[in-house]
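Visitor:
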Amino acid sequence: MREAMNPWTFVIASYVIGVGATLALAAWSMLTMRRAEKRRDSVRNR
Amino acid sequence: MHGFANPARFLRIARWLMPLCMGAGLVVAVAALGWGLFVAPAERLQGETVRIVYLHVPAAWLGMAGWMSIAAASFAELVWRHPLAGIAARASAVPGAVFTGVCLVTGSLWGRPAWGTWWVWDGRLTSMLVLLFLYFGWMALSQASEAADGGQNKAPAIFGLVGAVNIPIIHYSVIWWNSQHQPPSITVGKSAMSGDFLYPLLFAMLGFTLVFAGCVLARMRAILADQQAEARLRRKARADVEAF
Numbered sequence: 001m002r003e004a005m006n007p008w009t010f011v012i013a014s015y016v017i018g019v020g021a022t023l024a025l026a027a028w029s030m031l032t033m034r035r036a037e038k039r040r041d042s043v044r045n046r
Numbered sequence: 047m048h049g050f051a052n053p054a055r056f057l058r059i060a061r062w063l064m065p066l067c068m069g070a071g072l073v074v075a076v077a078a079l080g081w082g083l084f085v086a087p088a089e090r091l092q093g094e095t096v097r098i099v100y101l102h103v104p105a106a107w108l109g110m111a112g113w114m115s116i117a118a119a120s121f122a123e124l125v126w127r128h129p130l131a132g133i134a135a136r137a138s139a140v141p142g143a144v145f146t147g148v149c150l151v152t153g154s155l156w157g158r159p160a161w162g163t164w165w166v167w168d169g170r171l172t173s174m175l176v177l178l179f180l181y182f183g184w185m186a187l188s189q190a191s192e193a194a195d196g197g198q199n200k201a202p203a204i205f206g207l208v209g210a211v212n213i214p215i216i217h218y219s220v221i222w223w224n225s226q227h228q229p230p231s232i233t234v235g236k237s238a239m240s241g242d243f244l245y246p247l248l249f250a251m252l253g254f255t256l257v258f259a260g261c262v263l264a265r266m267r268a269i270l271a272d273q274q275a276e277a278r279l280r281r282k283a284r285a286d287v288e289a290f
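So the protein lines, in turn, are chains A and B.
Note that the working numbering gives residue 33 to position 33 of the first sequence, counting from 1, and the numbers run on in steps of one.
Numbering-wise, the working numbering comes out as the position in the second sequence, counting from 1, plus 46.
1. Going residue by residue through the segment 147-212 of chain B, where are the continuous alpha helix (DSSP H) segments of at least 4 residues, counting only ones entirely within it?
2. If you draw a straight line from the C-alpha of alanine 203 (chain B) to the C-alpha of isoleucine 116 (chain B), how long is it?
3. Please tell me whether alanine 4 (chain A) has its Cβ less than 8 Å away from any Cβ of chain B.
4. Spatial neighbours of methionine 1 (chain A) within its chain, please: CB distance less than 6 Å, with the 5 preceding and 5 following residues excluded, ordered by chain position.
5. For valine 257 (chain B) versus methionine 110 (chain B), is the C-beta distance shorter than 8 Å?
6. Comparing the C-beta of valine 11 (chain A) with each C-beta of chain B, is any distance below 8 Å?
7. To the nearest whole angstrom, what separates the beta carbons of glycine 206 (chain B) and alanine 135 (chain B), a pair I think is in contact under 8 Å?
8. Applying a beta-carbon distance threshold of less than 9 Å, which residues of chain E neighbour valine 16 (chain A)?
9. Given that a residue counts as buried once 16 or more other Cβ atoms are within 10 Å of its Cβ, and exposed if not, what is glutamine 189 (chain B)?
10. Which one of B:Pro104, B:Trp107, B:Ala86 and B:Leu279 has the shortest CA to CA distance from aspartate 97 (chain B)?
11. So what's serine 120 (chain B) in DSSP terms, helix, strand or just coil?
12. Beta-carbon of tryptophan 164 (chain B) versus every beta-carbon of chain A: anything under 8 Å?
13. On a CA-only basis, which of B:Ser138, B:Thr95, B:Ala77 and B:Ser120 is nearest alanine 264 (chain B)? Give me that one, please.
14. Specify the secondary structure class of serine 29 (chain A) as computed by DSSP and reduced to three states.
15. Who are the near neighbours of glutamate 34 (chain B) in its chain, counting only those whose CB is closer than 6 Å to its CB and skipping five residues on each side?
16. Could you give the distance in angstroms between the alpha-carbon of serine 173 (chain B) and the alpha-carbon of arginine 280 (chain B)?
17. If we ignore side chains and look at the alpha-carbon of each, how far apart do leucine 177 (chain B) and arginine 284 (chain B) end up?
18. For the structure I just gave you, are there three or more beta carbon pairs, one from the segment 237-244 of chain B and one from the segment 151-168 of chain B, closer than 8 Å?
19. Suppose the cutoff is 6 Å on Cβ atoms and the five residues either side in sequence are ignored; what does the same chain contact list for histidine 128 (chain B) look like?
20. Can you check DSSP and say which residues form a bridge with serine 237 (chain B)?
21. Here's a check: name, in chain order, each residue in its chain whose Cβ is nearer than 6 Å to the Cβ of glycine 169 (chain B), leaving out the five neighbours to either side.
22. Going by beta carbon distance, what residues of the same chain come within less than 8 Å of glycine 112 (chain B), once the five residues before and after it are set aside?
23. Counting only beta-carbon separations shorter than 8 Å, does leucine 79 (chain B) have a partner in chain A?
24. Nearest-angstrom Cα distance between tryptophan 126 (chain B) and proline 104 (chain B)?
25. Is there at least one Cβ from chain A nearer than 8 Å to tryptophan 156 (chain B)'s Cβ?
26. Taking buried to mean at least 16 other C-beta atoms within 10 Å of its own C-beta, is leucine 66 (chain B) buried or exposed?
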């Protein structure tokens, strides 16, 4: 007999992990770009 | 295509294309996930757990697309020595690895209620795990070769091309071997899925693909800016030494 499992626990966990990872990746990529371009501009203006 | 390999031209395009991809991608992905979570019906056999498909399939597609980008960029780097090809490969690695990881985790979370197990060592799951390890290996090799030779080493490009052999293995694994995993539901021009599930899935794939493109463009801009700053510092140091 199959165990009774609440499917929403698995659905919500998937969405939290998937959306969280995507947002973290997007924010990390943008911050890395901003920081690198700021450094390039400060080197250029030195 | 070769015209876009010019870094100055690329930067002019990436300046407006990156925020457009990122913004539109986030809006479309959030709308598609909302559609899948609140509007799309539950499936007859799998019930509510089918909603994981709207994350799992785009993540699987982008995990494989990331490596295909590395392979295509590696080919361009080896054959035409495009100045942006190596940068494009390096920028695709982290997003590809992240989506491969998301695919494995969401697949495991789907497998527990659907199959009664978190993991099975079948062809599809194992080849996807191998893809994640290939990403880790490629990133380590790329960083090591950059530190050693200033990015002139061809080893990551060769690794990128050889590793692409895993992509058809992932795709055909459910056809070649007996698998817990279902066979492909969407093939070129055909779908075994009802429109109720298919349309939100296609929107989710479009949204996440745009976010992926935005991340790759942002990372390419970051690598280019780092290279330009380093080159300027080197020139300045050389000029200071000559003046002294």
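Idealized CB from N, CA, C, for every residue including glycine.
Since the model is a prediction, treat every value here as computed from it, not as a measurement.
Guide: Concretely, from the data shown:
1. 169-195 and 201-209
2. 8 Å
3. no
4. Reliability of the predicted coordinates at methionine 1 (chain A) is poor, the pLDDT of 45 falling under 50, and the value obtained from them is presented with this limitation in mind. So no residue of the chain qualifies.
5. no
6. yes
7. 6 Å
8. Checking the listed chains, one finds no chain E in this structure; the protein chains it contains are A and B.
9. exposed
10. The residue you asked about is not aspartate; residue 97 (chain B) is arginine in the sequence shown. Nearest of B:Pro104, B:Trp107, B:Ala86 and B:Leu279 to arginine 97 (chain B), Cα basis: B:Ala86.
11. helix
12. no
13. B:Ser138
14. helix
15. Residue 34 (chain B) is absent from the structure shown; chain B starts at 47 and stops at 290.
16. 44 Å
17. 43 Å
18. no
19. Ala51 and Ala122
20. B:Ile232
21. Ser219, Trp223 and Ser225
22. Ser138, Ala139, Pro141, Gly142, Ala143, Phe145, Thr146, Tyr181 and Phe258
23. yes
24. 31 Å
25. yes
26. exposed
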